[in-house]
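In my numbering, the protein residues as written are 1259 to 1657. By construction, the Cβ of each residue, glycine as well, lies at the ideal position given by its N, Cα and C atoms. Comments concern the structure below.
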Amino acid sequence: MESSPHDRNVFILGAGFSAQAGAPLLDDFLDKSREFKDDPSFGLEADERQRFEDVFKFRREMAQSRDKVRIDLDNIEELFGLVELSRRLGRNNEKTRDATVYLIAKTLELAVKAPGNGRREVVFNVKPEHNEEFRVANQHGRFKVGNAVFGADIYEYFAALACGLLDVPPRRATIATAFITFNYDLVLDRALQRLQIQPDYQLTASSPQTSGLPESGPTCPVLKLHGSANWGVCGKCGKRVLVLPDKFTDSPRDFRFQECDRCHKQSFQPLLIPPSWDKSEYYLMMRPVWTKAFAELKVATRICIIGYSMPQSDMFFKYLLTLALSQNHGLSRLIVIDHNANTHTSSLRERYDQLLDPVFHKRRFTFNDDGFEMFFGSGDRALRALGRGEMLGGNISYR
Ligand SMILES: [Zn+2]
């Protein structure tokens, strides 16, 4: 494998990326929420159940416009967009919005499975000549050791491959990785942390207020363009972002009592941004994140887009990508991975066909329609496509 000081991979992750961990896709999200609300075994507390009810009440009200407008109210992004717009027009108070944000975070919390809990595990082998280097790379016990093979949760395997942990050290020094994600969940964040890499959220030029997070060790940019289930923004001064070690739904009371170190009020609100609406309200808080995403896309040599349907409602990202690519002179590969079981996949392929210049499309674009799980967890196709995983032999499969 040829080493290059400019080997910069940018991964763009959408809902399809987290699906393997149990996160619902956009259009079956509310079905999941309803299931959690109605089934007492999920243990929703009374005030949590009330918030879920508030969202469904808003949905029922909106459904009355069905005979006039066609909108998919079961799609959480569409519904969230409507809630947000309605709040700004003063048609409903903050309550519905807060309830929607809470429902999203809580549904993700209940739906996302922990590693080892029905999540798939990748087994892989190491080339004999790299045994010793791999042993050193694995000294913190990142990977499970078996009989001449190693194992890892699919997301840890993916993160390790992406970050170059499966490459020999001289090569590792020449590569850079960044993640841009639209997902609120912590699936990637957790996988990186288990590999002893801290997600660098790039929230502000000065560091954000953190609560209980480790501050040293290797980091990797994780740019969450729509916010995150462990971020809060001060509802009073609007100038402080709080980063928690866990989702705010894990301990809602602790979250409520966190004090802003700028205005000294206890008024943090979850920082989740509806994708389908303009982002001006969040501009100040999120600008460093978007600026970094733009900078990464501009210098990327490979861009790998996983499970992101580029919804028509999120024109913002399409423009960001187009603008960045127009200034990118070193892009050698654009790889898209989606699942052909998703109804949107054929139209997604058409959208890329229309977006990309024909010559670039022919030489440098690949569209893989067998999904994240198959692309990364079987055979060495991902290794070849990404130019990563130098130490690995070709035997990669699911246990
Ligand atoms: Zn404040």
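- A distance below 6 Å between beta-carbons, with the five flanking residues on each side excluded, links ALA1640 to the following residues of its chain, in chain order: PHE1633, PHE1634.
- Relative to the non-hydrogen atoms of ligand 1, the Cβ of ARG1266 never comes closer than 6 Å to any of them.
- Remark: the shortest separation between the CB of LYS1505 and any heavy atom of ligand 1 does not fall under 6 Å.
- Counting the other Cβ atoms within 10 Å of the Cβ of CYS1518 gives 16 or more, which makes it buried.
- When the alpha-carbon of GLN1454 is set against those of CYS1478, HIS1388, TYR1442, the nearest one is in CYS1478.
- By the beta-carbon neighbour count (other beta carbons within 10 angstroms, threshold 16), ASN1653 is exposed.
- At a cut-off of 6 Å, the beta-carbon of CYS1492 counts as near ligand 1: some heavy atom of the ligand is closer than that.
- Distances from the CB of CYS1562 to the heavy atoms of ligand 1 are all 6 Å or more.
- If you check the C-beta of ARG1452 against ligand 1, you find no heavy atom less than 6 Å away.
- The three-state reading of DSSP puts ALA1357 in helix, counting H, G and I together.
- Shown here, GLU1554 sits in a helix according to DSSP, grouped into three states.
- Collapsing the DSSP output to three states places ARG1429 in a helix.
- Rounded to whole angstroms, the Cβ separation of ALA1281 and VAL1445 is 7 Å, and the two are in contact under 8 Å.
- Within the DSSP secondary-structure output, LYS1482 pairs in a beta bridge with THR1439.
- Taking 6 Å as the cut-off, the C-beta of ARG1514 does not count as close to any heavy atom of ligand 1.
- Under the DSSP assignment, TYR1566 falls outside any alpha helix (DSSP H); it carries neither an H nor an E label.
- The C-alpha of GLU1608 is placed about 25 Å away from the C-alpha of ASP1332.
- Nearest Cα to LEU1271 within the set ARG1430, ILE1593, LEU1613, THR1549: ILE1593.
- Under the DSSP definition of a beta bridge, PHE1416 lacks any partner.
- Between the segment 1582-1592 and the segment 1286-1306 there are fewer than three C-beta pairs closer than 8 Å, too few to call the two in contact.
- Contact check for MET1573 against VAL1491 fails: the beta carbons are separated by 7 Å or more.
- Between ALA1357 and VAL1380, the C-beta gap is not smaller than 7 Å, which leaves the two residues out of contact.
- Here the alpha carbon of LYS1523 sits roughly 22 Å from the alpha carbon of SER1486.
- Checking the 6 Å criterion, the Cβ of CYS1478 is out of range of every heavy atom belonging to ligand 1.
- Shown here for SER1590: same chain residues with a beta carbon closer than 7 Å to its own, the five before and five after excluded, namely THR1559, ARG1560, ARG1622 in chain order.
- Not one heavy atom of ligand 1 falls within 6 Å of the beta-carbon of CYS1421.
- ARG1266 sits close to VAL1557, with the two beta carbons spaced by under 7 Å.
- Setting aside the 5 residues that flank it on each side, PHE1392 is surrounded in the same chain by VAL1384, MET1649, each with a C-beta closer than 6 Å to its C-beta; the list follows chain order.
- Distance from the CA of ALA1436 to the CA of ARG1520, rounded to the nearest whole angstrom, comes to 30 Å.
- Per DSSP, reduced to three states, the secondary structure at TYR1656 is strand.
- PHE1401 and GLU1414 have their C-alpha atoms roughly 9 Å apart.
- Distance check between LEU1500 and each of ARG1511, GLN1467, LEU1483 places GLN1467 closest, using alpha-carbon atoms only.
- Minimum Cα-Cα distance from ILE1412 among the listed residues ALA1372, PRO1427, VAL1359 corresponds to ALA1372.
- Contact between LEU1424 and ALA1418 is confirmed by a C-beta separation of about 6 Å, below the 8 Å threshold.
- Here PHE1630 really is in contact with GLY1565; their C-beta atoms are around 6 Å apart, less than 8 Å.
- A residue is called buried once 16 or more other Cβ atoms fall within 10 Å of its Cβ, and ASP1286, having fewer, is exposed.
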